[in-house]
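Below is one structure; the comments refer to it alone.
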Amino acid sequence: MTDYRAPASDPPRSTRRFVSPLDISITASAIDTVVTVSGEIDLSVSDDLRKAFDEELRFKPGVLIADLSAVTFCDSSGFTVFVQTRANAEEAGVPFILVTQERALLRPMSLLGLDAVLTVHPTLDSARDVLTR
20 MTDYRAPASD PPRSTRRFVS PLDISITASA IDTVVTVSGE IDLSVSDDLR
70 KAFDEELRFK PGVLIADLSA VTFCDSSGFT VFVQTRANAE EAGVPFILVT
120 QERALLRPMS LLGLDAVLTV HPTLDSARDV LTR
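Heads up: the sequence shown at position 130 corresponds to 149 in my numbering, and the numbers run straight through without jumps.
So, in structure tokens, the structure goes:
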């Protein structure tokens, strides 16, 4: 995948796709970067997801948001990626927020105690609202 950022004179958002069997698209602005994921997250695609998050953290966005609204399944390898990304983001001084209302993600997060470690919002708008307060 080609790395690029829109120059300041371009429109405020740039969008690109990350090549993976998992559908990953990235929308970056001066305020935040949203990594939108859809499909099933398992061992066969978790490394692609980790690479997408790591790549975006290199740009030090104001906040990194993982929109998981269209994720239908996530195994332990996916949750490991979220915890590792949170640690990497914290080290870089970048807030990391997950967006989902999917029971397939929220239930395991709760059972694993990850809801105490990860910041989760039900919608992208609610995640962004917290940032503007």
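Backbone N, C-alpha and C fix where the C-beta goes; we use that ideal spot for every residue, glycine too.
Only a predicted model underlies this, so the values are computations on that prediction, with no experimental measurement involved.
Throw me the rounded Cβ distance for the aspartate 94 and valine 56 pair, which I believe falls under 8 Å.
At roughly 14 Å, the Cβ-Cβ gap does not stay under 8 Å, so aspartate 94 and valine 56 are not in contact.
Check glutamate 121 in the structure and name its three-state DSSP category.
Here glutamate 121 sits in coil by DSSP.
Work out the CA separation of leucine 133 and alanine 71 for me, nearest whole Å.
Between alanine 71 and leucine 133, the C-alpha separation is close to 21 Å.
Which runs of the alpha helix (DSSP H) fall wholly inside the segment 41-125 and span at least 4 residues, in chain order?
Segments of the alpha helix (DSSP H) lying fully in the segment 41-125: 62-76, 95-111.
Does threonine 142 come out as helix, strand or coil in the three-state DSSP assignment?
If DSSP states are grouped into helix, strand and coil, threonine 142 belongs with coil.
Taking Cβ to Cβ, would you say isoleucine 116 is nearer than 8 Å to threonine 138?
Their beta carbons are under 8 Å apart, which means isoleucine 116 touches threonine 138 by this criterion.
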